[in-house]
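Trainee: Numbering (our numbering), first residue to last: 2 to 344. The beta-carbon is built from N, C-alpha and C at its ideal position, and this holds for glycine as well.
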Amino acid sequence: MPGFIRTNEPDRATALDRHLPIQPPADIISESEYFEHTKPPEYLPKIEQQVDEFVNRHNGKRRIAVVTSGGTTVPLENNTVRFIDNFSAGTRGATSTEQFLENGYAVIFLHREFSLLPYSRHYSHTTNCFLDFMEEDENGKVVVRETYQKNMAETLKKYRHAKDKGLLLLVPFTTVNQYLYTLRLLARELKPAEPSKVLFYLAAAVSDFFVPSSRIAEHKIQSTGTGKLVIDLDPVPKFLRRLVETWIPGAMIISFKLETDEKLLLSKCRQALQRYGHQLVIGNLLQTRKHEVVFVTEKDAVPVRLSQDQIDDAVEIESVFIPKVIHRHSDYIDSKVQELQPL
Ligand code: PAZ
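#1: Is any heavy atom of the ligand PAZ found at a distance shorter than 6 Å from the C-beta of leucine 191?
#2: Rounded to whole angstroms, how far is the Cβ of methionine 253 from the Cβ of leucine 200, which I believe are closer than 8 Å?
#3: Quick check for students: name the residue ranges of the beta strand (DSSP E) that lie wholly in the region 231-307, counting only runs of 3 or more.
#4: Beta carbon of arginine 290: closer than 6 Å to some heavy atom of the ligand PAZ?
#5: Going straight from the alpha carbon of proline 324 to that of phenylalanine 115, what length do you get?
#6: So does arginine 93 have its beta carbon nearer than 6 Å to some heavy atom of the ligand PAZ?
#7: If you drop the 5 nearest sequence neighbours on each side, which residues of the same chain put their C-beta closer than 6 Å to that of arginine 93?
#8: In the DSSP assignment, find the unbroken alpha helix (DSSP H) run with leucine 191 in it and report its ends.
#9: Assign serine 31 to buried or exposed, taking buried as 16 or more other Cβ atoms, counted over all protein chains shown, within 10 Å of its Cβ.
#10: Using beta-carbon positions only, say whether phenylalanine 211 and valine 75 come within less than 7 Å of one another.
#11: Does leucine 341 come out as helix, strand or coil in the three-state DSSP assignment?
#12: Are the beta-carbon atoms belonging to valine 326 and histidine 279 less than 7 Å from one another?
#13: Express the C-alpha separation of arginine 58 and glutamate 10 in angstroms, rounding to a whole number.
#14: So, under 8 Å CB-CB, tyrosine 120 and lysine 159 are touching, yes? Tell me the CB distance rounded to an integer number of Å.
#15: Between the Cα of aspartate 209 and those of Leu230, Pro236 and Ser215, spot the shortest distance and give me the residue it belongs to.
#16: Once DSSP output is grouped into helix, strand and coil, what is the label at leucine 168?
#17: Since I believe valine 172 is in contact with isoleucine 109 (beta carbons under 8 Å), could you give me their beta-carbon distance rounded to a whole number of angstroms?
#18: Quick check: the region 266-281 against the region 219-228, are there 3 or more CB pairs under 8 Å?
#19: Grab me the residues of leucine 77's own chain with a C-beta within less than 8 Å of its C-beta, minus the 5 sequence neighbours each way, in chain order.
#20: Between valine 321 and valine 303, how many whole angstroms is the CB-CB distance? I'm expecting something under 8 Å.
#21: When the Cα atoms are used, what is the spatial distance from leucine 234 to glutamine 150?
#22: Give a yes or no on whether the minimum CB-CB distance between valine 338 and chain B is below 7 Å.
#23: Please report the straight-line C-alpha distance between glutamine 430 and valine 68, rounded to a whole angstrom.
Printed below as a string of C-alpha cells:
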C-alpha cells in the first residue's frame, strides 16, 4: 500500500555516503551528474512495483496523468532536525487531480507527504476540524451533520469510484532528492505506454537549491562556535530538459511557473518553454493564484480568470482551466497521430 511508504523520516542507514564523489561547491552540475552524486531513496523499488501494476492496469485503456503537488524540502542535516521548506499546500495538485479523474484519466499523484490529497482535502486542513462535520444521533451513533450530507455524499461517491477502480496512485515525497528520483522513475516506468496519452502536470513547488550529500552535516548542527549559521546551497539541476528529451519523449508536459512580481511572469514562462521545449507553461502569481492563471505557449499567452461572481460562489479555478488543459491534451494526441500518418 502506497500509504505505508514514509518519506519524512531520514534514511539514516544509507542516505549519507562519504564515498560518493565530492561535488565541487556551487558548481552547476548536470542532471545526470546529480544522480551520480546522490543516493536514491531506499524505498524506490516498492514504488516501482506499484507503478508497474498501475501502468499494466491502465495502459492502452485510458490516459494517464502524473500530477506533482506540494513543496519539496531541503534537509540541512542527514539526521534531519532542520530543513528548508516552502509555502505550497498542495491545493493546486489535489484539486486538479479530482478534475482529471472525473474526466476519465488515471492519475499518479506524486505529492508531498501530509499535504492535501484529492477528495479528503475537503475535510482536512480546513477551518473546520473533521470532527465538526459529525455529530451523535439519538441512538448514540456518529453520523454526518445534515448540512454536510449532500456535499459529503457526492465527494464520497467520487472518492470510492477512483479507489475501487484503482484510478489513483498516491506516491509520496518529502525531500527534493526523493522528488527527483521518484519523478525519473515514474517517467521511465511509463515509457512503454503510448507516450502522447501520458500527461505530466508539474504543479509541485520544487526547491531551486539544495545541500549536496557530500557536504551535508550528519548530525544536528550545533549552535556553539561563531553563533552564525551560514548555509551554502548549490543549484538543483534543471531536470525538466531530461524529462522532455530522454526520460519520456513524446509525452505532453505542462509545467507551472510561480512568481511574485507580475512584471517577470510572462518572460519567465517563455524562458522555460524555450529552454525545455515542452508544450505549455501555466504561469501564476503567489498573490492571485487561486483566481487567475495564464497559459503560455510559443504562440500566445491566454489568461484564465474567475469572474467576481465565481469568486463569491467559491468556484475553484481548476474546475475552469483543467477542461482547457484536457482539450489541449486531446489536440496534442491528435497531432502525434497525424505525424504517424503516411504522406
Ligand atoms: O500548492 P498550492 O496550491 O498552495 O500552490 C500551487 C503552486 C503555486 C505551487 C503551483 O501553482 C505552482 O506554480 N507550482 C510551480 C512553482 C514553481 O516552481 O515555479
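Mentor: Inspection of the coordinates gives the following:
#1: To locate residue 191, count along the sequence shown from 1; it is residue 190. No, Cβ of leucine 191 sits at least 6 Å from all heavy atoms of the ligand PAZ.
#2: By one-based count along the sequence shown, residue 253 stands at place 252. By one-based count along the sequence shown, residue 200 stands at place 199. About 5 Å; that satisfies the 8 Å criterion.
#3: 253-260, 281-286, 293-297 and 302-306
#4: By one-based count along the sequence shown, residue 290 stands at place 289. At least one heavy atom of the ligand PAZ is nearer than 6 Å to the Cβ of arginine 290, so yes.
#5: Position 323 of the sequence shown holds residue 324. Position 114 of the sequence shown holds residue 115. Going from the Cα of proline 324 to the Cα of phenylalanine 115 covers about 27 Å.
#6: In the sequence shown, residue 93 corresponds to position 92, counting from 1. Arginine 93: yes, Cβ under 6 Å from the ligand PAZ.
#7: In the sequence shown, counting from the first residue as 1, residue 93 sits at position 92. Setting aside the 5 residues that flank it on each side, arginine 93 is surrounded in the same chain by Ala204, each with a C-beta closer than 6 Å to its C-beta; the list follows chain order.
#8: The residue given as residue 191 occupies position 190 in the sequence shown. Its alpha helix (DSSP H) spans residues 177-191.
#9: If you number the sequence shown from 1, residue 31 lands on position 30. Counting the other CB atoms within 10 Å of its CB gives serine 31 a total below 16, which places it among the exposed residues.
#10: Counted from its first residue, the sequence shown places residue 211 at position 210. Counted from its first residue, the sequence shown places residue 75 at position 74. Contact flag set, yes.
#11: Position 340 of the sequence shown, counted from the first residue, corresponds to residue 341. Note: leucine 341 maps to helix in three-state DSSP.
#12: Working through the sequence shown from its first residue, we reach residue 326 at position 325. Working through the sequence shown from its first residue, we reach residue 279 at position 278. Their beta carbons are not under 7 Å apart, which means valine 326 does not touch histidine 279 by this criterion.
#13: Stepping through the sequence shown from its first residue, residue 10 is reached at position 9. Stepping through the sequence shown from its first residue, residue 58 is reached at position 57. Going from the Cα of glutamate 10 to the Cα of arginine 58 covers about 31 Å.
#14: By 1-based counting over the sequence shown, the position of residue 120 is 119. By 1-based counting over the sequence shown, the position of residue 159 is 158. Right, their Cβ atoms sit about 6 Å apart.
#15: Position 208 of the sequence shown, counting from 1, holds the residue named residue 209. Residue Pro236 is the option with its Cα nearest to aspartate 209.
#16: As a working mapping, residue 168 is identified with position 167 in the sequence shown. Here leucine 168 sits in coil by DSSP.
#17: Within the sequence shown, numbered from 1, the residue matching residue 109 stands at position 108. Within the sequence shown, numbered from 1, the residue matching residue 172 stands at position 171. Sure, about 6 Å apart at Cβ, within 8 Å.
#18: Contact annotation: the region 266-281 does not touch the region 219-228, with fewer than three C-beta pairs closer than 8 Å.
#19: Translated into the one-based positions of the sequence shown, residue 77 becomes position 76. Around leucine 77: Arg83, Phe84, Ile85, Val212, Ile217, Ala218, Ile222 and Ile232.
#20: Locating residue 321 in the sequence shown gives position 320, counting from the first residue. Locating residue 303 in the sequence shown gives position 302, counting from the first residue. At roughly 12 Å, the Cβ-Cβ gap does not stay under 8 Å, so valine 321 and valine 303 are not in contact.
#21: In the sequence shown, the residue the question calls residue 234 occupies position 233. In the sequence shown, the residue the question calls residue 150 occupies position 149. Computed Cα separation, rounded: 50 Å.
#22: As a matter of chain content, chain B is missing from the structure shown, which is built from one protein chain.
#23: Residue 430 is absent from the model: the chain starts at 2 and stops at 344.
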